[in-house]
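In this note's numbering, the protein residues as written are 367 to 848.
Right, one structure below, let's go through it.
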Ligand code: GLN
């Protein structure tokens with residue numbers, strides 16, 4: 367039995383059958399972490415109490431108690447999800463040493479479902495980045511090739527699943543940060559519809575774009591986790607009461623009756639030919655499974671990146687205003703209050719974060735608001751309309767997740783525009799607030815390739831069904847790094 371490749375479903379079945387204890391499962395995760403974390407640099411911390419909690423779950427199971435859907439399952443959390451009593455920092459120096467005083471809603475829901483919280487995963491500084499290299503604690507390595515980045519900003523969470531540390535991790539996705547690292551690390555990543563999962567207790571990046579989502583080995587596992595974390599929460603006014611809170615029968619035999627759209631604007635130059643080849647093969651597989659494939663158009667796709675890099679920094683600059691060096695984390699005393707703010711923020715924020723605070727403050731300032739911010743909001747509406755129109759004629763839209771496979775650590779680090787371009791296929795789903803799933807669909811030079819499936823708002827079920835059927839017919843998701 368290899369626990370490092372085990373899915374939630376397998377672990378649950380083995381625990382229910384009495385063939386595996388949560389203690390043994392957690393122990394083996396901790397051993398994997400111990401053996402490889404120094405080199406891969408995935409976990410920022412490991413919770414000492416995890417084993418004790420696993421034992422408690424085993425005792426409750428032995429006593430015949432009815433347990434939640436994630437009972438005894440180890441879960442890793444991106445370092446921007448608050449857990450009461452844990453140091454949680456968004457991998458930002460400005461929050462170093464900050465101890466959370468409450469649980470994020472997703473965290474309390476995981477706990478209630480019986481999950482064992484293993485520890486915090488590395489990420490880009492304040493979730494700004496696509497490679498996990500901007501982390502205050504240094505980069506994470508891609509388990510498939512340790513000279514490559516794992517993607518970002520949830521690179522630690524994706525790498526944790528790929529490296530066999532845990533069967534599931536949570537990440538957050540503002541412009542692709544769950545899906546892009548999932549793609550680069552060969553795992554499943556889901557960004558739910560904006561409003562499906564409560565953002566309470568997520569350290570905010572851009573509040574109109576942020577969503578929390580699972581990274582897993584199988585689509586079915588992603589659905590299991592979604593069911594646990596989703597739904598209305600009184601602490602987040604944008605969270606929605608779901609009419610169907612369950613994700614039923616994913617394992618339908620085929621996709622007969624379904625129409626999938628290929629947006630012609632996505633298959634343009636700049637895409638690695640190997641990525642294109644793998645994606646087109648995956649599309650053929652979906653067609654073979656009964657889906658009808660048609661062309662669709664998302665005419666404003668080419669403006670998505672520009673609109674995102676106005677809206678996201680504007681919201682981020684405002685959200686990050688709360689890190690004043692007095693109430694939380696990093697503090698640097700100056701000669702007066704103004705000097706203290708300026709030192710604390712100047713020293714505490716990283717280069718990428720400062721770049722975005724400046725961009726955001728600029729585009730929100732009087733005189734530039736109309737020229738940039740308001741215009742970007744208008745573009746956002748047009749992008750949303752493109753999706754509404756296209757999704758009237760198709761059940762889902764299929765694209766690559768990332769234009770390339772994982773690149774070398776350091777390769778794009780000093781070139782922010784090239785780095786931003788790696789999110790070209792993912793950001794539209796955040797701007798349009800639609801759900802999007804990334805699943806492994808092949809390899810190029812031993813590095814994973816991801817297929818992205820985007821759908822109608824709150825229709826995660828269709829995406830998960832397509833993904834689950836694909837995983838029944840292929841075995842990309844069962845491959846693991848040497
Ligand atoms: N890579 C994108 C950015 O740097 C997305 C980040 C995210 O989704 N958190 O903004």
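For each residue, glycine too, the CB sits at the ideal point set by N, CA and C.
All values derive from a computational prediction rather than experimental measurement.
Consider the C-beta atom of residue 768 and the heavy atoms of ligand 1; say whether any pair is separated by less than 6 Å. Within the chain shown, numbered from 1, the residue matching residue 768 stands at position 402. Checking the Cβ of residue 768 against ligand 1 gives no.
Residue interval of the alpha helix (DSSP H) (run including residue 399): Taking the first residue of the chain shown as 1, we reach residue 399 at position 33. 388-406 is the extent of the alpha helix (DSSP H) around residue 399.
For the alpha helix (DSSP H) holding residue 793, just list the boundary residues, first then last. Sequence index remark: in the chain shown, residue 793 carries index 427 (1-based). Counting along the chain, the alpha helix (DSSP H) containing residue 793 begins and ends at 793-798.
Check whether the Cβ of residue 753 lies closer than 6 Å to any heavy atom of ligand 2, and answer yes or no. Ligand 2 is absent from the structure shown, which contains only ligand 1.
If you check the beta carbons only, do residue 802 and residue 678 fall under 7 Å apart? In the chain shown, counting from the first residue as 1, residue 802 sits at position 436. In the chain shown, counting from the first residue as 1, residue 678 sits at position 312. No, the pair does not count as a contact, with Cβ atoms beyond the cut-off.
Could you check if residue 495 belongs to the surroundings of ligand 1, using beta carbon to heavy atom distance under 6 Å? As a first step, residue 495 is located in the chain shown; it is residue number 129 there, counting from the start. Yes, ligand 1 has a heavy atom inside 6 Å of this Cβ.
Quick test of your reading: residue 666 and residue 748, contact by CB under 8 Å. State the CB separation rounded to the nearest angstrom. Taking the first residue of the chain shown as 1, we reach residue 666 at position 300. Taking the first residue of the chain shown as 1, we reach residue 748 at position 382. Confirmed, about 5 Å.
On the DSSP letters alone, give me the boundaries of the alpha helix (DSSP H) that residue 829 sits inside. In the chain shown, counting from the first residue as 1, residue 829 sits at position 463. Its alpha helix (DSSP H) spans residues 826-839.
Let me make sure I understand the geometry here. Which of 414, 495, 723 has the alpha-carbon closest to that of residue 780? The residue given as residue 780 occupies position 414 in the chain shown. The shortest Cα separation from residue 780 among 414, 495, 723 belongs to 495.
Checking 7 Å against the spacing of the C-beta atoms, do residue 829 and residue 594 come in under that value? Translated into the one-based positions of the chain shown, residue 829 becomes position 463. Translated into the one-based positions of the chain shown, residue 594 becomes position 228. Cβ distance not < 7 Å, so residue 829 and residue 594 don't count as in contact.
Please give the ranges of any alpha helix (DSSP H) in the region 602-686, keeping only runs that are unbroken, at least 4 residues long and fully inside the region. 639-654, 670-685
Pick out whichever of 484, 582, 809 has its Cα sitting closest to the Cα of residue 396. Taking the chain shown and counting its residues from 1, the one referred to as residue 396 is at position 30. When each option's Cα is compared against that of residue 396, the closest is 484.
Buried or exposed (CB count within 10 angstroms, at least 16 for buried), residue 432: On the chain shown, position 66 is the one that residue 432 refers to. Answer is exposed; the Cβ neighbour count stays below 16.
Pairwise C-alpha distance: residue 757 and residue 833: As a working mapping, residue 833 is identified with position 467 in the chain shown. As a working mapping, residue 757 is identified with position 391 in the chain shown. The straight-line gap from Cα to Cα measures roughly 18 Å.
CB contact flag (residue 721, residue 673, <7 Å): Walking along the chain shown from the start, residue 721 turns up at place 355. Walking along the chain shown from the start, residue 673 turns up at place 307. Contact: no.
Entirely within the region 446-534 and at least 3 residues each: give me those beta strand (DSSP E) ranges in chain order. 482-487
Mapping DSSP to helix, strand and coil, what is residue 547? As a first step, residue 547 must be located in the chain shown, where it is residue number 181. Reduced to three states, the DSSP call for residue 547 is helix.
Proximity below 7 Å, CB of residue 634 to CB of residue 649: Translated into the one-based positions of the chain shown, residue 634 becomes position 268. Translated into the one-based positions of the chain shown, residue 649 becomes position 283. It is not a contact, given that the beta carbons lie outside the stated cut-off.
Buried or exposed by the 16-neighbour rule on C-beta atoms within 10 Å, applied to residue 389: The residue you call residue 389 lines up with position 23 of the chain shown. The residue is buried, with at least 16 neighbouring Cβ atoms inside 10 Å.
Which full runs of the beta strand (DSSP E) of 3+ residues lie inside the region 425-449, going along the chain? 440-444
Could you tell me how far apart the beta carbons of residue 683 and residue 710 are, in whole angstroms, since I believe they sit closer than 8 Å? Translated into positions along the chain shown, residue 683 becomes position 317. Translated into positions along the chain shown, residue 710 becomes position 344. No, residue 683 and residue 710 are not in contact; Cβ-Cβ is about 16 Å, not under 8 Å.
Residue 504 classed as buried or exposed, judged by whether at least 16 other C-beta atoms fall within 10 angstroms: Translated into positions along the chain shown, residue 504 becomes position 138. Exposed: under 16 other Cβ atoms inside 10 Å.
Quick one: using the 10 Å Cβ neighbour count with 16 as the cut-off for buried, is residue 821 buried or exposed? The residue given as residue 821 occupies position 455 in the chain shown. It is buried - the Cβ of residue 821 has at least 16 other Cβ atoms within 10 Å.
Residue 557, enclosing beta strand (DSSP E) - first and last residue: Against the chain shown, residue 557 aligns to sequence position 191. It spans 554-557 - the beta strand (DSSP E) in which residue 557 sits, taken as one unbroken run.
Chain B beta carbons: is any one of them nearer than 7 Å to that of residue 679? Note that chain B does not occur in the displayed structure, where there is just one protein chain.
Scan the region 720-776 and note each continuous beta strand (DSSP E) run of 3 residues or more that stays entirely inside, going in chain order. Under the rule that a run must span 3 or more residues, the beta strand (DSSP E) segments found entirely inside the region 720-776 read 762-766.
Alpha-carbon to alpha-carbon, residue 763 and residue 476: Taking the first residue of the chain shown as 1, we reach residue 476 at position 110. Taking the first residue of the chain shown as 1, we reach residue 763 at position 397. Cα to Cα, the separation comes out at about 30 Å.
Give me whichever residues DSSP pairs with residue 415 in a beta bridge. Counting from one through the chain shown, the residue named residue 415 turns up at place 49. Paired residue(s): none; residue 415 is not in a bridge.
How many Å lie between residue 788 and residue 378 at the Cα? One-based indexing of the chain shown puts residue 788 at position 422. One-based indexing of the chain shown puts residue 378 at position 12. Approximately 36 Å between the Cα atoms of the pair.
Take every Cβ of the region 574-581, pair it with every Cβ of the region 544-559, and state whether three or more of those distances are shorter than 8 Å. yes
Pair within 7 Å by beta-carbon distance, residue 671 and residue 723: For the purposes of this step, residue 671 is identified with residue 305 of the chain shown, where counting begins at 1. For the purposes of this step, residue 723 is identified with residue 357 of the chain shown, where counting begins at 1. No. Outside cutoff.
Report the option in 519, 465, 473, 511 whose CA atom is closest to the CA atom of residue 488. Locating residue 488 in the chain shown gives position 122, counting from the first residue. Selected option, being the one with the closest Cα: 519.
Unbroken beta strand (DSSP E) run spanning residue 802, endpoints: Within the chain shown, the letter at position 436 stands for residue 802. Run containing residue 802: 802-810, per the beta strand (DSSP E) assignment.
Look at residue 588 and residue 808 and say whether their C-beta atoms are less than 7 Å apart. By one-based count along the chain shown, residue 588 stands at place 222. By one-based count along the chain shown, residue 808 stands at place 442. Against a cut-off of 7 Å, the Cβ pair of residue 808 and residue 588 comes out as no contact.
Can you list, in chain order, the residues of its chain with a C-beta nearer than 6 Å to that of residue 387? Leave out the 5 residues immediately preceding and following it. Sequence index remark: in the chain shown, residue 387 carries index 21 (1-based). Hits under 6 Å: 424.
Nearest-angstrom Cα distance between residue 700 and residue 816? Numbered from 1 along the chain shown, position 334 holds the residue referred to as residue 700. Numbered from 1 along the chain shown, position 450 holds the residue referred to as residue 816. Near 48 Å, if we compare the C-alpha coordinates of residue 816 and residue 700.
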